[in-house]
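Student: The structure follows.
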C-alpha cells in the first residue's frame with residue numbers, strides 16, 4: 239500500500255521549517271497532527287486524597303517542564319507557600335532553567351543531570367542525604383524509577399499532580415490514515431480507547447521508544463517501524479527511510 243496520509247500523535251510544529259514538511263514535499267504525503275491524549279491537572283481535592291504534605295519535604299524532583307507548571311500552580315491553588323530553602327532536582331538543565339519562571343534561581347538549591355535520566359541525579363542526591371525527596375509525576379509513571387532510588391538507599395515519594403486523558407476521535411477519522419506514529423505508552427492507550435476494535439491490516443504503525451513498542455505489543459498491535467535504533471537514531475530518520483522505500487515499491 240502506498241502511504242499518503244500519516245497521523246502524527248503530537249502537536250503541529252510551531253514552524254514551517256520542520257522535517258515533516260520537508261518530507262511532504264519530497265514524497266507527496268500529508269502529515270496530520272493530533273494528540274491521542276491531553277493533560278489535565280488534578281484538583282486540590284484530588285491531590286489531598288494522596289495524603290501528601292508538600293512542606294514535609296525539602297527537595298522536589300522534576301522530569302519535565304509540565305511537572306514544574308503543575309506543581310507551582312497546584313501549590314498556588316492550595317495556598318501553599320514554598321520556602322526559599324527548598325531544593326530542586328531536575329533531569330536536564332533546560333528544566334532547571336525553566337524554574338526561573340517561578341523562583342529566584344540559585345545554584346546552591348537547583349541541581350540537574352545531563353542525559354534526561356533519573357539515574358543521573360543519584361550521585362547529586364547522595365551528596366545531600368538530609369534532603370527528603372518528593373517526585374512530581376503524572377498518573378502513569380515508571381515504578382522502576384522509585385525502585386532504582388530505593389536500591390540506592392534514597393527514599394523518594396511520588397506525588398501525582400496531573401493525568402493523561404484520551405482525546406476523542408471518530409472511527410471515520412482514524413480510518414482516514416495509512417500510517418500512524420505513536421510516541422508514548424499513554425498514546426497507545428488513547429489509540430485503543432478511541433478505536434477498541436481497530437484492525438491494522440496493511441496500515442503501518444510506527445513508534446518512538448522501547449516502552450511505546452512494548453505497550454503496542456501488549457495491546458496486540460504490530461510494530462512496523464521503531465526508533466531509536468542503531469540504523470535510525472530518530473523517528474524522523476526512520477520515517478524518511480520508510481517512505482523512501484515505500485514509494486520505490488509502489489511506483
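Residue numbers (our numbering): 239 to 489.
Glycine residues also receive a C-beta, built at the ideal position from the N, C-alpha and C atoms.
The structure displayed is predicted, hence computed values, not measured ones.
(1) Suppose you measure from the CA of residue 430 to the CA of residue 436; what does that come to, to the nearest Å?
(2) Return the chain-ordered list of same chain residues with a C-beta closer than 8 Å to the C-beta of residue 406, the five sequence neighbours on each side being excluded.
(3) Relative to the C-alpha of residue 274, which residue among 374, 451, 245, 378 is closest?
(4) From residue 467 to residue 473, what does the alpha carbon distance come to, in whole angstroms?
(5) Please name the residue or residues paired with residue 464 in a DSSP beta bridge.
(6) Considering only their Cβ atoms, is the gap separating residue 356 from residue 302 smaller than 8 Å?
(7) So, are the CB atoms of residue 399 and residue 309 less than 8 Å apart?
(8) Thinking C-alpha only, which one of 439, 420, 438, 459 is nearest residue 447?
(9) Relative to the alpha-carbon of residue 336, which residue among 252, 305, 247 has its alpha-carbon at the smallest distance?
(10) What residue range does the beta strand (DSSP E) around residue 243 cover?
(11) Please state if the CB of residue 325 and the CB of residue 296 are separated by a distance shorter than 8 Å.
(12) According to DSSP, simplified to helix, strand and coil, what is residue 429?
(13) Within 10 Å of its beta-carbon, does residue 293 have 16 or more other beta-carbons around it, so buried, or fewer, so exposed?
(14) Are the CB atoms of residue 377 and residue 344 within a distance shorter than 8 Å?
(15) Out of 241, 478, 440, which has the shortest C-alpha to C-alpha gap to residue 460?
(16) Which residue or residues does DSSP assign as beta-bridge partners of residue 420?
(17) I need the boundaries of the alpha helix (DSSP H) containing residue 289, first residue and last residue.
(18) What residues are listed by DSSP as bridge partners for residue 395?
(19) May I ask which residues mark the beginning and end of the beta strand (DSSP E) holding residue 270?
(20) By alpha-carbon positions, which one of 486, 479, 488 ends up nearest to residue 258?
(21) Tell me which same chain residues have a C-beta within less than 8 Å of the C-beta of residue 423, skipping the five on either side of it?
(22) At the level of alpha carbons, what is the spacing between residue 415 and residue 241?
(23) Residue 334 and residue 350: beta carbons closer than 8 Å?
Tutor: Reading from the atomic positions:
(1) Stepping through the chain shown from its first residue, residue 430 is reached at position 192. Stepping through the chain shown from its first residue, residue 436 is reached at position 198. Their Cα atoms are separated by approximately 8 Å.
(2) For the purposes of this step, residue 406 is taken as the residue at position 168 of the chain shown. So the list reads 432, once near-sequence residues are dropped.
(3) Position 36 of the chain shown, counted from the start, is the residue given in the question as residue 274. Taking each of 374, 451, 245, 378 in turn and checking the Cα distance to residue 274, the smallest one comes out for 245.
(4) Numbered from its first residue, the chain shown carries residue 467 at position 229. Numbered from its first residue, the chain shown carries residue 473 at position 235. Rounded to the nearest angstrom, the two C-alpha atoms are 9 Å apart.
(5) The residue you call residue 464 lines up with position 226 of the chain shown. Residue 464 pairs with 445.
(6) As a first step, residue 302 is located in the chain shown; it is residue number 64 there, counting from the start. As a first step, residue 356 is located in the chain shown; it is residue number 118 there, counting from the start. It is not a contact, given that the beta carbons lie outside the stated cut-off.
(7) Numbered from 1 along the chain shown, position 161 holds the residue referred to as residue 399. Numbered from 1 along the chain shown, position 71 holds the residue referred to as residue 309. Closer than 8 Å, so yes.
(8) Locating residue 447 in the chain shown gives position 209, where the first residue counts as 1. Ranking 439, 420, 438, 459 by Cα distance to residue 447 puts 420 first.
(9) The count along the chain shown starts at 1 and reaches residue 336 at position 98. With distances taken between CA atoms, residue 336 lies nearest to 305 out of 252, 305, 247.
(10) Reading the chain shown from its first residue, position 5 is the one you call residue 243. Run containing residue 243: 243-246, per the beta strand (DSSP E) assignment.
(11) Along the chain shown, one-based indexing puts residue 296 at 58. Along the chain shown, one-based indexing puts residue 325 at 87. Contact flag set, yes.
(12) The residue you call residue 429 lines up with position 191 of the chain shown. Residue 429 falls in the helix class under three-state DSSP.
(13) Here residue 293 corresponds to residue number 55 of the chain shown, with the count starting at 1. Label assigned to residue 293: exposed.
(14) What you label residue 344 is simply residue 106 of the chain shown in a count that begins at 1. What you label residue 377 is simply residue 139 of the chain shown in a count that begins at 1. Contact: no.
(15) The sequence position of residue 460 within the chain shown is 222, counting from 1. The shortest Cα separation from residue 460 among 241, 478, 440 belongs to 440.
(16) As a working mapping, residue 420 is identified with position 182 in the chain shown. According to DSSP, residue 420 bridges with 445.
(17) The residue you call residue 289 lines up with position 51 of the chain shown. Counting along the chain, residue 289 falls outside any alpha helix (DSSP H), and DSSP gives it neither H nor E.
(18) Here the question's residue 395 lines up with position 157 in the chain shown. Under the DSSP definition of a beta bridge, residue 395 partners with 372.
(19) Stepping through the chain shown from its first residue, residue 270 is reached at position 32. Taken as a continuous stretch (DSSP letters only), the beta strand (DSSP E) holding residue 270 covers 268-271.
(20) The sequence position of residue 258 within the chain shown is 20, counting from 1. Of the candidates 486, 479, 488, the residue whose Cα lies closest to the Cα of residue 258 is 479.
(21) For this step, residue 423 is matched to residue 185 along the chain shown. For residue 423, where only same-chain residues beyond five positions count, the Cβ hits under 8 Å are 378, 449, 450, 452, 453.
(22) Reading the chain shown from its first residue, position 177 is the one you call residue 415. Reading the chain shown from its first residue, position 3 is the one you call residue 241. The straight-line gap from Cα to Cα measures roughly 9 Å.
(23) In the chain shown, the residue the question calls residue 334 occupies position 96. In the chain shown, the residue the question calls residue 350 occupies position 112. The answer is yes: Cβ separation under 8 Å.
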